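Using numbering that gives the first Met the number 0, you'd call the opening residue of the sequence shown number 0 and step up by one each time. First the structure, in the form of structure tokens, and then the observations on it.
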Amino acid sequence: MPERVYIALDLETTGLDAKRDAIIEIGAVRFQGTRILERFVTFVNPQRTIPLRVQQLTQIRNSDVANAPTIDAVIPELLTFVRSDVAALVAHNAAFDMGFLKAAGIELHRPVLDTFELATILLSGVESYSLGELCRAFAVPLVDAHRALADAEATAQLFMHLQHQLQQSPAAALRLIVEHATDSTWAPALLFADALAAVIHGIVPSPVPSTGSNGDDSSASSTNVPIPVTGDGSASATGTPQAVSTPRHTTDDSEIEQFFVADGPLAAQFADHYEVRRGQIDVAVQVNRALNVGEHLLLEAGTGIGKSLAYLLPAALWSVPNGCRVLVATNTIALQEQLLKKDIPLLQRMLLRTGQSPPTTTLLKGRQHYLCAHRFDRWHSNRRLPPSELTFLAKILLWLPTTQTGDVEELFLATPRERALWQEICSDPATCTPERCDHLPEAMGTAPLPQRIDFFYRARRLAEDAHLLIVNHALLVADLVTGGRLLPPYNHLIVDEAHRFDEVATEQLTYRADWQWLIPLLERLTVGGTLQTQVETLAIARGQVDVVQLFHEVADETKLLITQLQDFRDRLLTFVKHQRGVRT
Numbered sequence: 000m001p002e003r004v005y006i007a008l009d010l011e012t013t014g015l016d017a018k019r020d021a022i023i024e025i026g027a028v029r030f031q032g033t034r035i036l037e038r039f040v041t042f043v044n045p046q047r048t049i050p051l052r053v054q055q056l057t058q059i060r061n062s063d064v065a066n067a068p069t070i071d072a073v074i075p076e077l078l079t080f081v082r083s084d085v086a087a088l089v090a091h092n093a094a095f096d097m098g099f100l101k102a103a104g105i106e107l108h109r110p111v112l113d114t115f116e117l118a119t120i121l122l123s124g125v126e127s128y129s130l131g132e133l134c135r136a137f138a139v140p141l142v143d144a145h146r147a148l149a150d151a152e153a154t155a156q157l158f159m160h161l162q163h164q165l166q167q168s169p170a171a172a173l174r175l176i177v178e179h180a181t182d183s184t185w186a187p188a189l190l191f192a193d194a195l196a197a198v199i200h201g202i203v204p205s206p207v208p209s210t211g212s213n214g215d216d217s218s219a220s221s222t223n224v225p226i227p228v229t230g231d232g233s234a235s236a237t238g239t240p241q242a243v244s245t246p247r248h249t250t251d252d253s254e255i256e257q258f259f260v261a262d263g264p265l266a267a268q269f270a271d272h273y274e275v276r277r278g279q280i281d282v283a284v285q286v287n288r289a290l291n292v293g294e295h296l297l298l299e300a301g302t303g304i305g306k307s308l309a310y311l312l313p314a315a316l317w318s319v320p321n322g323c324r325v326l327v328a329t330n331t332i333a334l335q336e337q338l339l340k341k342d343i344p345l346l347q348r349m350l351l352r353t354g355q356s357p358p359t360t361t362l363l364k365g366r367q368h369y370l371c372a373h374r375f376d377r378w379h380s381n382r383r384l385p386p387s388e389l390t391f392l393a394k395i396l397l398w399l400p401t402t403q404t405g406d407v408e409e410l411f412l413a414t415p416r417e418r419a420l421w422q423e424i425c426s427d428p429a430t431c432t433p434e435r436c437d438h439l440p441e442a443m444g445t446a447p448l449p450q451r452i453d454f455f456y457r458a459r460r461l462a463e464d465a466h467l468l469i470v471n472h473a474l475l476v477a478d479l480v481t482g483g484r485l486l487p488p489y490n491h492l493i494v495d496e497a498h499r500f501d502e503v504a505t506e507q508l509t510y511r512a513d514w515q516w517l518i519p520l521l522e523r524l525t526v527g528g529t530l531q532t533q534v535e536t537l538a539i540a541r542g543q544v545d546v547v548q549l550f551h552e553v554a555d556e557t558k559l560l561i562t563q564l565q566d567f568r569d570r571l572l573t574f575v576k577h578q579r580g581v582r583t
């Protein structure tokens, strides 16, 4: 299978607005496979002064472009560079570059592949999708950032790495994406078709030539914890933790204090950088006493004393020997993640150093954070997906073989539309019952979905086996509202950042109708919406033709409702805009 020829393109401009600003430099790289074939670079006279901030960012001065050709003179050269054998253009945040080219009257008539979009599909859980951060992740040198040719060449190298990774994806996922993308205008379709052909024919992707190393091995640190942070309860000598009120074991204050002394287990984790903090010890002792005697405790702890570890240590020492569960509620999901990835591994190492069993620990979020395999199947089956939804489909299918949690926080959902689509496939109490969802085998290797685990019910089972269960305030409030139906039983609760709890409770108990969520939901009920084919197919199969007529009546009413809601929105916005001192 011959390798396609691509052109990676980058522009430097006087600003961010394609209608008002102008191009000052164009860089392009022609490449095939992993080989750079040709380079193109030119300054462009913008016929205006380059703003100082742009000069500082790009190091392009007014004197550099004073005698450069205007964009009209550059167009023929660029069109000549983009010859007929070019399969597609490649750019990072391509809408920016293509917007400026279009404003300048340049039409290259090629599909456009965006390495930003491809990275969000292929690389879940990345903190940043900027060109610089992605190049650092793949050890791609970017020695002259914010110059057109250097950025174009880095984009080409990044594309090679992403294409190499795509060609190692599961055939079942690739096949499903290609089937959905057939006859679509979705630009990445050709990449996925090539990757599927390579996998089917057993073509081993050529490794991208090594171009340097960033020397960053920090990603390995989270995998070196001796005891799994999220376990199945096997580390507990007392079986599944219970919600008991009377402890069988208490911990002495002196035992708590020994963990924090200058030569203790905590100090050993920091070599020569450890400093005893009296406030941390006081918090740990107070929490320990409250757990021992079953009292309520209200504490105010100063910043920087290490309060997370101060309450986690006594909770661990108390929960494991008593076979009890302690619920830890944090203000935000971000703090949940910090506890699980930073503080809990540190706690485990401290306990192992003293020969004690670490607690089984897991994190539980609201069910809307977890993918439902059944709902996902129904969402993409028997319907034609527009390009924006094909990107979403590809993100989910290529993420599934790698995720252990099915948690949306691992994905980068870039647009309100993608976040609305997630609501159509996440776990939902109305449809995701234990009878329907919690019986899927954990591995179905020949199925289109590489993972058939029901992630929400799996998370619930892990929560039931945990000594320390970490949730956020919102889920705690939701559990209280539902009478304890969302969380496993517990009698011992630690609320971190409790001064924020009333705000979360107010937020949770407030009803809100979101336009980005409501309209797509109603559109599913209209003629041509996602439910029409499913309803008609099922009704005809069951001989209930009258249901089809009923659906069309509902669809007509729904269409009218959408029109009325849009009119209400427009009138409301008009009213608000005319109010003094109100910004919209």
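Even for Gly, the Cβ is constructed at its ideal location relative to N, Cα and C. Note that the structure is a prediction, hence the values are computed from the model and not measured.
Check whether the Cβ atoms of P264 and M349 lie closer than 8 Å to each other.
Contact flag set, yes.
Does DSSP put I424 in a helix, in a strand, or in coil?
It is helical.
In three-state terms, what does DSSP make of G278?
Assigned with DSSP and collapsed to three states, G278 falls in helix.
Roughly how many whole angstroms lie between the Cα atoms of Q46 and R60?
13 Å
Do F191 and I202 come within 8 Å of each other at the CB atom, strictly closer than that value?
no
For E37, name the three-state secondary structure that DSSP assigns.
strand
Can you say whether I22 is buried or exposed, counting buried as having 16 or more other CB atoms within 10 angstroms of its CB?
buried
Segments assigned alpha helix (DSSP H), at least 4 residues, entirely inside the segment 453-523:
454-463, 472-480, 500-507 and 514-522
If contacts are defined as beta-carbon pairs under 8 Å, then T33 and P313 qualify, I think. What distance do you get, rounded to the angstrom?
Not a contact, Cβ separation roughly 56 Å.
Shortest alpha-carbon distance to D406 belongs to which of Q355, P415, R459 and N381?
R459
I need the boundaries of the beta strand (DSSP E) containing Y369, first residue and last residue.
That residue, Y369, is in no beta strand (DSSP E); it is neither H nor E in DSSP.
How long is the line joining the alpha carbons of D96 and T57, rounded to whole angstroms?
16 Å
Beta carbon of V327 nearer than 8 Å to that of I561:
no
Element boundaries [alpha helix (DSSP H), containing R570]
V544 to K576
Compare the C-alpha of G278 against each of D271, A267, V292 and V260 and name the closest.
G278 has its Cα closest to that of V260, out of D271, A267, V292 and V260.
Curious, which full-length alpha helix (DSSP H) runs of at least 4 residues does the segment 330-396 contain?
332-337, 343-352 and 372-379
Whose C-beta lies closer than 6 Å to the C-beta of F375 among residues of the same chain, with five residues either side of it excluded?
I424
Given 8 Å, three or more beta-carbon pairs between the segment 402-417 and the segment 181-196
Touching, no.
For a quick check, are the C-beta atoms of V534 and V526 less than 8 Å apart?
no
Sub-8 Å separation of R352 and G305 beta-carbons:
no
Whole-number beta carbon distance between D20 and G14, since they are thought to touch under 8 Å:
Yes, they are in contact, since the Cβ atoms of G14 and D20 sit about 4 Å apart, within 8 Å.
Going straight from the alpha carbon of I280 to that of N287, what length do you get?
10 Å
Do L10 and A147 have their C-beta atoms closer together than 8 Å?
yes
Segment contact flag, the segment 155-174 with the segment 132-141, C-beta cutoff 8 Å, min 3 pairs
yes
Nonlocal neighbours in the same chain, by C-beta distance under 7 Å from P386, ignoring five residues either side
The residues S183, T184 and W185, in chain order, have a CB closer than 7 Å to that of P386 in the same chain once the five nearest residues on each side in sequence are set aside.
Which value, in whole angstroms, describes the spacing of the CA atoms of K558 and W421?
Just so you know, the alpha carbons of K558 and W421 end up roughly 23 Å apart.
Which of helix, strand or coil does DSSP assign to A186?
In this structure, A186 counts as coil in the three-state DSSP scheme.
Continuous beta strand (DSSP E) stretch holding R435: start and end
Note, R435: premise wrong, no beta strand (DSSP E); alpha helix (DSSP H) at P433 to C436.
Residue closest to P357, alpha-carbon to alpha-carbon, out of L107, A65 and Q347:
Q347
Opposite T29 in the DSSP bridges: which residues?
Here residue 29 is Arg; the residue named in the question, Thr, does not match the sequence. Looking at the DSSP assignment, R29 forms a beta bridge with I6 and E37.
Is the segment 382-398 in contact with the segment 502-515, if contact means three or more CB pairs nearer than 8 Å?
no
Paired residues, beta bridge with V139 - DSSP
Looking at the DSSP assignment, V139 forms no beta bridge with any residue, so it has no partner.
Would you kindly work out how many angstroms separate the C-alpha atoms of T509 and L479, rounded to a whole number?
15 Å
8 Å CB neighbourhood of D427 in its chain, flanking five on each side removed
R366, Q367, C371 and R374
Using 10 angstroms around the beta-carbon of Q335, count the other beta-carbons present and answer buried if the total reaches 16, otherwise exposed.
buried
Given a threshold of 16 other Cβ atoms within 10 Å of its Cβ, counted over all protein chains shown, does D216 qualify as buried or as exposed?
Note that D216 scores a pLDDT of 34, beneath 50, so its modelled location is shaky; the value from the coordinates is reported in the next line. It counts as exposed.
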